[in-house]
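Report on one structure; see the data block that follows.
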Amino acid sequence: MTNVPFRRSLVSSAILVALAVSPGAQAASVRFATFNASLNRDASGQLLSDLANPAGADFTTTVGKRIQQIHNVAEIIQRVNADVLLINEFDFDLNGSPTAGSNAMAKGYSSEAARRFQSNFLSQAHSLGGTATKPVSYGYRYTPNTNTGLASGFDLNNNGVISGGDDAFGFGNYAGQYGFTIYSKYEIVGVRSFQNFKWNDMPGNLLTNDPVAGANNLANFYNQDEINALRLSSKNHVDVTVRINGQELHFLTAHPTPPTFDGAEDRNGKRNHDEIRFWADYIAGGAQASYIYDDQGGNGGLAAGAKFVIAGDYNADPYDGDSFKGVVNGVPYNAIGQLLNHPLVNTQLTPAAAGGLEAATLPSNNGTANQSHLGDPTFDTADFSDAAPGNLRVDYVLPSANLTIDSAGVFWPTSQDVEWPLVGTFRSPYNLYANYSTSDHKAVWVDVAVNPVPEPEAYALLLAGLGLLGLAARGKSRLPL
3 MTNVPFRRSL
13 VSSAILVALA
23 VSPGAQAASV
33 RFATFNASLN
43 RDASGQLLSD
53 LANPAGADFT
63 TTVGKRIQQI
73 HNVAEIIQRV
83 NADVLLINEF
93 DFDLNGSPTA
103 GSNAMAKGYS
113 SEAARRFQSN
123 FLSQAHSLGG
133 TATKPVSYGY
143 RYTPNTNTGL
153 ASGFDLNNNG
163 VISGGDDAFG
173 FGNYAGQYGF
183 TIYSKYEIVG
193 VRSFQNFKWN
203 DMPGNLLTND
213 PVAGANNLAN
223 FYNQDEINAL
233 RLSSKNHVDV
243 TVRINGQELH
253 FLTAHPTPPT
263 FDGAEDRNGK
273 RNHDEIRFWA
283 DYIAGGAQAS
293 YIYDDQGGNG
303 GLAAGAKFVI
313 AGDYNADPYD
323 GDSFKGVVNG
333 VPYNAIGQLL
343 NHPLVNTQLT
353 PAAAGGLEAA
363 TLPSNNGTAN
373 QSHLGDPTFD
383 TADFSDAAPG
393 NLRVDYVLPS
403 ANLTIDSAGV
413 FWPTSQDVEW
423 PLVGTFRSPY
433 NLYANYSTSD
443 HKAVWVDVAV
453 NPVPEPEAYA
463 LLLAGLGLLG
473 LAARGKSRLP
483 L
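Shown next, in the form of structure tokens:
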């Protein structure tokens, strides 16, 4: 005869197990952020040297101002306190040697610069922008290789000489300049990079399918050998997969080339357009992404229903600036619109800040470009020259449509806020590096809700619990409780 108290215990245990592994547990609010922090330097190895000397900061000497700028960057990151963070314009090094190459970096690779930034700056409190911050620690990092400064062997700017940043696969005055790195509080479980993907291998690309007729068509600018060799990504495109609440989220990171610094042929504007298009095809997956290949030997894009967050400085504003947009031969183009108008991208909440509005309306330092802009200045993320192009929205954190946005923002305080000295404006209050207190770009963040999904072990417990419930149910017909 079945022991009644024992069966009651079985039923109670099964219910507790089922509740414990229920996918209806509380969602986590996870902050994703991007920050073009201007942690590039004018000479190879300078960033490594600056990061090794946190005590050398001051507001007067050239080196001291560079180091103080790093402290300011760290303080902004601490105040934003993102869970998953992309830093653009962060010089690449290979195990402490300032360089770059074409080899894919393995999952878990962290440059020495990324390690020093964590230990010497992010792990220390700061207080320039008000009350002291708390250190922030990222247990996981990934630093991808970069095309910037890598010699192509071709005269890509057609000036008759093969040398300099314009003739590299991605602009850079030395190998590794303007790279990027990723920090995460959540485990990085996978990495795909696309550094070596050829621009010509994208169907319908603007390199060989340039809609602009005449002398400014790219087919008249590049020769066939150059067309065959050109890489799409000016730095890299990297899918860093993080595991959060039992789910895998794809953090899609890149830094497309600025659509400027070229000629009437607009080679950089057209490349910027296709660098952005790459993610549009990648998230669509299926046949639309079938042409894609990665540095690890894989093919294709995301699976249907995958969750993702696109992040980075995409150097394209939906309304203003020089990105490739408008109607050409009856076909409308909008570089960043390829993502903002994508049905799989959630744009229900746009990050904003009052500092952007103030910067657009204060007496300008050298021009009036902002006065003719069409975009909402509260959405701007970059404080560019007021002569041209003016302040723009170019930095993005774009979750997938199957993620819920809790909140979003741009770290751009007004001149009345105690945090303002951390960002300032052109040459005010501190001209630390490239005329700013930190960077001409601002940190952008989005909080998304990530519901928990039981791990395989939890599913096993759930099945066991259900089995116990079934056993108890069968016994009920023979003996009442």
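In our numbering, the protein residues as written are 3 to 483. Glycine included, C-beta positions come from ideal geometry on N, C-alpha and C.
Any idea if residue i is buried or exposed, counting beta-carbon neighbours within 10 angstroms, 16 or more meaning buried?
i	result
residue 60	exposed
residue 376	exposed
residue 399	buried
residue 98	exposed
residue 5	With a pLDDT of 47 at residue 5, under the threshold of 50, the predicted position of this residue should be treated as unreliable, though the coordinate-derived value follows. Exposed.
residue 418	exposed
residue 366	buried
residue 25	Residue placement at residue 25 cannot be trusted, given a pLDDT of 45 that sits under 50; what the coordinates show is reported in the next sentence. Answer is exposed; the Cβ neighbour count stays below 16.
residue 323	buried
residue 68	buried
residue 347	buried
residue 163	exposed
Start and end of the beta strand (DSSP E) containing residue i?
i	result
residue 116	Counting along the chain, residue 116 falls outside any beta strand (DSSP E), though it belongs to the alpha helix (DSSP H) covering 114-119.
residue 447	446-452
residue 421	Unbroken run through residue 421: none, as it is neither H nor E.
residue 323	Looking at the DSSP string, residue 323 is not in any beta strand (DSSP E), and its letter there is neither H nor E.
residue 410	406-412
residue 397	397-401
residue 163	Looking at the DSSP string, residue 163 is not in any beta strand (DSSP E), and its letter there is neither H nor E.
residue 313	309-315
residue 90	86-92
residue 142	142-144
Only counting the same chain, and skipping five residues up and downstream in sequence, which positions put a Cβ closer than 6 Å to that of residue i?
i	result
residue 84	33, 35 and 447
residue 351	407 and 410
residue 241	194, 252 and 254
residue 297	106, 195, 197 and 198
residue 243	191, 192, 250 and 252
residue 482	Caution is warranted here: a pLDDT of 30 is assigned to residue 482, below 50, making its placement in the model unreliable, and the coordinate value is therefore given only provisionally. Taken in chain order, the list of residues that qualify is empty.
residue 272	208 and 326
Based on Cα-Cα distance, which residue from the options lies nearest to residue i?
i	options	result
residue 314	355, 383 and 366	383
residue 239	121, 149, 53 and 130	149
residue 412	46, 182 and 81	81
residue 29	191, 120 and 247	247
residue 159	138, 279 and 267	267
residue 135	373, 124 and 425	124
residue 101	129, 48, 127 and 131	48
residue 285	345, 325, 333 and 236	345
residue 426	395, 390, 385 and 349	385
residue 103	72, 179 and 144	179
residue 96	112, 279 and 87	112
residue 257	237, 264 and 263	237
residue 227	422, 79 and 155	155
residue 142	169, 157, 172 and 110	110
residue 75	445, 450 and 455	445
residue 157	147, 173, 177 and 121	173
residue 42	87, 213 and 116	116
residue 2	56, 64 and 147	Beyond the ends of the chain as shown, which are 3 and 483, falls residue 2; an answer cannot be given.
residue 403	428, 77 and 451	451
residue 320	293, 78, 394 and 214	394
residue 414	353, 388 and 392	353
Within the continuous alpha helix (DSSP H) that includes residue i, where are the two ends?
i	result
residue 283	269-286
Beta-carbon within less than 7 Å of residue i's beta-carbon, same chain only, minus the 5 sequence neighbours each way: which residues are those?
i	result
residue 38	90, 91, 315, 397, 441 and 443
residue 282	340, 341 and 344
Apart from the five residues on each side of it in sequence, which residues of its chain come closer than 8 Å, Cβ to Cβ, to residue i?
i	result
residue 200	230, 231, 232, 233 and 234
residue 44	175
residue 306	287 and 288
### Query
Whole beta strand (DSSP E) runs in the region 25-81 with 3 or more residues, listed along the chain?
30-41
### Query
Which ranges does the alpha helix (DSSP H) cover as unbroken runs of at least 4 residues, wholly within the region 177-255, from first to last along the chain?
226-231
### Task
Taking only runs that begin and end inside the region 325-380, name each unbroken alpha helix (DSSP H) of 4 or more residues, in chain order.
339-342 and 356-363
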